[in-house]
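Protein sequence lines, in the order shown, are assigned to chains A and B. Everything in the first sequence is counted per the numbering used here, starting at 134 for the first residue and increasing by one. Everything in the second sequence is counted per the numbering used here, starting at 2 for the first residue and increasing by one. Even glycine gets a Cβ: it sits at the ideal position worked out from N, Cα and C. Worksheet for the structure shown next.
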Amino acid sequence: MFNYEKYLRLEMFPHIWCPGCGCGIVMKSLIRAIDRVGLKKDDICAVSGIGCSSRLTGYVDFNTLHTTHGRPLPFATGVKLAKPSLNVIVVTGDGDALAIGGNHFIHAARRNIDLTVLLFNNGTYGMTGGQLAPTTPIGKVASTARLGSIDPPFDACKLAIAAGATYVARGTSYHTQQLDRLIEGGIRHKGFALIEILENCNTYYGRPNRIGLLDLLQWEKDNTVNIKAAERMTPAELQGKIVTGLLHQAERPEYVTQYEELMTRAQAKARAAN
Amino acid sequence: MKLLQGNEACAEAALAAGCRFFAGYPISPSSEIAELLSVRLPQMGGRFIQMEDEIAAMGAILGAAMTGVKVLTATSGPGYSLKQENIGYAAMAEIPCVIVNIMRGGPSTGLPTQPAQADVMQARWGTHGDHPAVALTPASVREVYDETVRAFNIAERFRVPVTLLIDEIIAHMRERVVVPDPSELTLWERPRPSGPPEQYLPFGDTPSGVPPMADFGSGYRYHVTGLYHDARGLPEDHPEVVDALQRRLMRKVELGLPEIQKYEQVSLALDDATLGIIAYGSSARSAKAAIRLARARGIPVGLLRPVTLWPFPEGPVADLAKQVRHLIVVEMNLGQIALEVERVTRGLCPVHRVNRVTGEPIPPEQILEKIVELAGS
Numbered sequence: 134m135f136n137y138e139k140y141l142r143l144e145m146f147p148h149i150w151c152p153g154c155g156c157g158i159v160m161k162s163l164i165r166a167i168d169r170v171g172l173k174k175d176d177i178c179a180v181s182g183i184g185c186s187s188r189l190t191g192y193v194d195f196n197t198l199h200t201t202h203g204r205p206l207p208f209a210t211g212v213k214l215a216k217p218s219l220n221v222i223v224v225t226g227d228g229d230a231l232a233i234g235g236n237h238f239i240h241a242a243r244r245n246i247d248l249t250v251l252l253f254n255n256g257t258y259g260m261t262g263g264q265l266a267p268t269t270p271i272g273k274v275a276s277t278a279r280l281g282s283i284d285p286p287f288d289a290c291k292l293a294i295a296a297g298a299t300y301v302a303r304g305t306s307y308h309t310q311q312l313d314r315l316i317e318g319g320i321r322h323k324g325f326a327l328i329e330i331l332e333n334c335n336t337y338y339g340r341p342n343r344i345g346l347l348d349l350l351q352w353e354k355d356n357t358v359n360i361k362a363a364e365r366m367t368p369a370e371l372q373g374k375i376v377t378g379l380l381h382q383a384e385r386p387e388y389v390t391q392y393e394e395l396m397t398r399a400q401a402k403a404r405a406a407n
Numbered sequence: 002m003k004l005l006q007g008n009e010a011c012a013e014a015a016l017a018a019g020c021r022f023f024a025g026y027p028i029s030p031s032s033e034i035a036e037l038l039s040v041r042l043p044q045m046g047g048r049f050i051q052m053e054d055e056i057a058a059m060g061a062i063l064g065a066a067m068t069g070v071k072v073l074t075a076t077s078g079p080g081y082s083l084k085q086e087n088i089g090y091a092a093m094a095e096i097p098c099v100i101v102n103i104m105r106g107g108p109s110t111g112l113p114t115q116p117a118q119a120d121v122m123q124a125r126w127g128t129h130g131d132h133p134a135v136a137l138t139p140a141s142v143r144e145v146y147d148e149t150v151r152a153f154n155i156a157e158r159f160r161v162p163v164t165l166l167i168d169e170i171i172a173h174m175r176e177r178v179v180v181p182d183p184s185e186l187t188l189w190e191r192p193r194p195s196g197p198p199e200q201y202l203p204f205g206d207t208p209s210g211v212p213p214m215a216d217f218g219s220g221y222r223y224h225v226t227g228l229y230h231d232a233r234g235l236p237e238d239h240p241e242v243v244d245a246l247q248r249r250l251m252r253k254v255e256l257g258l259p260e261i262q263k264y265e266q267v268s269l270a271l272d273d274a275t276l277g278i279i280a281y282g283s284s285a286r287s288a289k290a291a292i293r294l295a296r297a298r299g300i301p302v303g304l305l306r307p308v309t310l311w312p313f314p315e316g317p318v319a320d321l322a323k324q325v326r327h328l329i330v331v332e333m334n335l336g337q338i339a340l341e342v343e344r345v346t347r348g349l350c351p352v353h354r355v356n357r358v359t360g361e362p363i364p365p366e367q368i369l370e371k372i373v374e375l376a377g378s
């Protein structure tokens with residue numbers, strides 16, 4: 134029986150998430166992945182922004198930093214560059230990372246700095262009552278789009294790949310065994326790792342759109358296709374499907390390693406000048 | 002003895018004070034600080050990064066500060082405005098950091114390469130909510146050096162963000178400076194815990210009001226948040242807890258006033274002053290010149306020059322108001338510190354303003370004109 138309590142701040146429970154919320158599912162997947170990698174709690178720094186998923190950092194027993202809306206990536210960049218021995222995990226949401234935090238998302242990926250970023254994508258701003266998000270599908274209802282959204286949504290993974298991320302994966306709150314492996318791979322990966330996680334907000338996304346909790350999870354099952362299966366499917370068969378799994382992996386110099394090399398060069402140059 | 006630019010002095014002093022992390026974004030007239038530190042920090046084993054915007058620069062230094070390192074960022078008006086939210090975060094989460102604002106003409110894009118002193122109220126109230134503020138206003142290149150070291154000391158001892166308000170004249174001027182030997186400097190470090198991790202309270206009350214701050218990764222695991230929180234750092238909105246935290250954040254700076262406050266009195270020690278000038282930064286230099294001219298004409302005028310602008314030197318200003326017949330507040334804005342002087346002196350004596358908002362320094366003659374007018378009245 135897996136011991137989750139070892140990794141949790143029990144004094145923070147009961148948590149604030151709704152019954153049925155996908156955040157709890159993903160948090161447990163993260164904990165299992167950390168356990169598999171064998172990281173020590175003192176060596177982990179978890180950084181989050183603002184939103185329901187960002188509350189995760191309060192519940193886990195690591196060095197935790199709950200920052201301002203959209204800004205966990207710059208804070209995490211500072212932590213990692215200043216103390217590279219820390220394993221820095223970023224927990225963010227679709228609004229936090231792709232709307233207000235979009236600029237930081239692009240640049241952290243561009244730098245390929247060694248962070249593991251869990252992007253909880255529930256297609257809404259749940260914490261504030263279900264407003265439109267940059268990932269809300271066209272036609273879906275939100276509290277600021279009651280006649281249905283006309284805003285085209287982002288593909289976070291394509292954005293990350295284009296910006297330079299070297300490990301890009303997509304999972305769901307339904308496919309938890311796959312998610313464990315994707316998160317573990319992201320932690321082990323040396324470079325910018327993004328794991329986008331389609332997860333269910335039954336209260337503020339499901340209810341206004343008249344989709345029940347089980348239907349949300351069923352949707353994740355029915356409308357996603359693992360990349361290995363997708364490679365054998367025709368474009369017609371893939372129409373309307375979202376591909377999951379490890380979508381992209383590459384080798385590029387990691388930012389902190391590059392900076393430490395620069396430090397060595399700077400010090401050699403200074404010594405030579407004296 | 003070196004010929005140093007104000008910005009150069011700031012960068013060198015930061016290194017001497019132990020700063021080993023800088024994150025910033027280019028903006029005139031502060032960019033020299035970033036450029037210098039991009040070269041010097043890696044030489045000294047420190048780290049430098051140019052972030053994608055000013056908000057990210059502020060976030061990066063706060064993240065780095067959590068690992069135990071002394072941190073700096075530098076900007077000007079538009080960037081200072083962008084940083085406000087994260088400055089508030091630093092105040093709430095009690096993260097030591099130094100923010101340099103080289104003051105230029107505003108509002109908005111304003112005058113990118115010309116001086117002003119119009120961000121002083123923003124340095125007090127720029128970010129939302131009730132929070133203490135510490136801001137220092139050096140008036141010479143040597144003072145930039147000293148005040149930069151002091152800024153780090155105050156930030157570390159009191160776990161607060163400290164703003165160095167340096168107007169563009171001081172930032173870009175060059176003066177001959179005897180740079181102190183770094184080994185002669187007194188440096189303060191943040192208090193760190195020493196007891197068992199299970200008993201550590203990162204936001205607990207102490208006699209000084211300042212809780213010990215553990216480095217991330219040092220064996221003390223805790224939560225840091227901008228939400229109201231209890232002594233453990235965990236989110237808590239119970240009214241008693243909210244009130245207690247809010248008041249402790251203010252109290253720790255109030256208790257630290259003797260170590261934070263700093264001002265200079267010129268020609269006031271001579272009890273004959275009947276006119277008092279209050280000026281800071283480069284305007285104080287113009288005021289000193291005006292005083293020399295006035296004294297040559299037999300007008301007894303003196304200067305009170307705040308070096309620590311926030312917290313405002315209420316005691317010394319109130320005492321001055323009891324001594325003189327008129328107070329003249331000289332600043333390159335339309336009257337911001339004048340508002341504080343009026344508030345603090347409560348009608349004890351009239352408060353007059355000498356202002357210039359053209360992007361030019363205030364000429365001593367403009368100040369002398371007001372002195373002569375009031376001396377004759």
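Straight across, the Cα-Cα distance linking A:SER187 with A:VAL170 is about 22 Å. Taking 8 Å as the CB threshold, B:ASN356 stays off the interface with chain A. With a threshold of 8 Å between beta carbons, A:TYR392 makes contact with chain B.
For B:ALA290 and B:GLU9, the gap between their C-alpha atoms comes out near 26 Å.
The beta carbon of B:VAL345 lies closer than 6 Å to those of GLU315, VAL318, ALA319 in the same chain, with the five residues before and after it left out. Between A:ARG321 and A:VAL376, the beta carbon gap of about 22 Å keeps them out of contact (Cβ cut-off 8 Å). The Cβ atoms of A:LEU172 and A:SER181 lie no closer than 8 Å to each other. When C-beta distances to chain A are compared with 8 Å, the residues of the stretch 23-51 of chain B below that value are ALA24, VAL40, PRO43, GLN44, GLY46, ARG48, ILE50, in chain order.
The Cβ of B:ASN87 sits closer than 8 Å to at least one Cβ of chain A. Straight-line spacing of the CA atoms in B:GLY218 and A:ALA215 works out to 12 Å. Distances from the alpha-carbon of B:ALA232 to those of B:ARG222, B:TYR221, B:LEU246, B:GLY220 put B:LEU246 closest. When secondary structure is reduced to three states using DSSP, B:VAL145 falls in the helix class. A:ALA209 reaches chain B at GLY64, counting residues in chain order whose Cβ is nearer than 7 Å.
Its Cα nearest to that of B:ARG326, the residue B:GLU374 stands out among B:SER284, B:GLU374, B:ARG357. Within the same chain, SER282, ASN342 come within 6 Å of A:LYS273 by CB-CB distance, once the 5 residues on both sides are set aside. Listed by position along chain B, the residues whose Cβ is nearer than 7 Å to that of A:SER218 are GLY218. According to the DSSP secondary-structure assignment, A:HIS199 is paired through a beta bridge with A:SER181, B:THR226. Under the DSSP assignment, A:ILE344 falls outside any beta strand (DSSP E); it carries neither an H nor an E label.
By alpha-carbon distance to B:SER268, the top candidate from B:MET174, B:PRO197, B:LEU276 is B:LEU276. Distance from the CA of B:GLU341 to the CA of B:PHE313, rounded to the nearest whole angstrom, comes to 8 Å. Chain order gives the chain A residues near B:LEU235 as ARG142, GLU144, MET145, GLY191, where near means a beta carbon separation below 8 Å. With respect to the 8 Å criterion, B:TYR229 and B:TYR201 are not classified as neighbours on the basis of their beta carbons. At least one CB atom of chain A sits nearer than 8 Å to the CB of B:GLY227. Contacts with chain A (Cβ-Cβ distance below 9 Å) from the stretch 64-82 of chain B involve GLY64, ALA65, ALA66, MET67, THR68, GLY69, VAL70, VAL72, listed in chain order.
Listed in chain order, the non-local C-beta contacts of B:TYR90 below 7 Å within the same chain comprise LEU63, GLY227, local neighbours out to five positions each way being set aside. Using beta-carbon distances, B:GLY127 does not count as an interface residue toward chain A, since no partner is under 8 Å.
The residue from A:ALA326, A:TYR388, A:ILE330, A:GLY297 with its alpha-carbon nearest to that of A:GLN311 is A:ILE330. Annotated as distal: A:PHE325 and A:ALA401, with beta-carbon spacing of 8 Å or more. Among the residues facing chain A, B:GLU53 is included, as its CB has a counterpart in that chain under 8 Å away. By the CB criterion at 8 Å, A:LEU265 and A:THR249 fall outside the cutoff.
Along the stretch 146-167 of chain B, none of the residues has a CB nearer than 7 Å to a CB of chain A. For B:ARG222, a Cβ of chain A is located within less than 8 Å of the residue's own Cβ. Listed along chain A, the residues sitting closer than 9 Å to B:ILE56 by beta-carbon distance are THR201, GLY203, ARG204, PRO207, ASN236, HIS237.
With at least 16 other beta carbons inside 10 angstroms of its own, A:PHE238 counts as buried. Restricting attention to B:GLY78, B:LEU73, B:HIS239, the CA atom closest to the CA of B:PRO97 is found in B:LEU73. Here the alpha carbon of B:GLY205 sits roughly 14 Å from the alpha carbon of B:GLY196.
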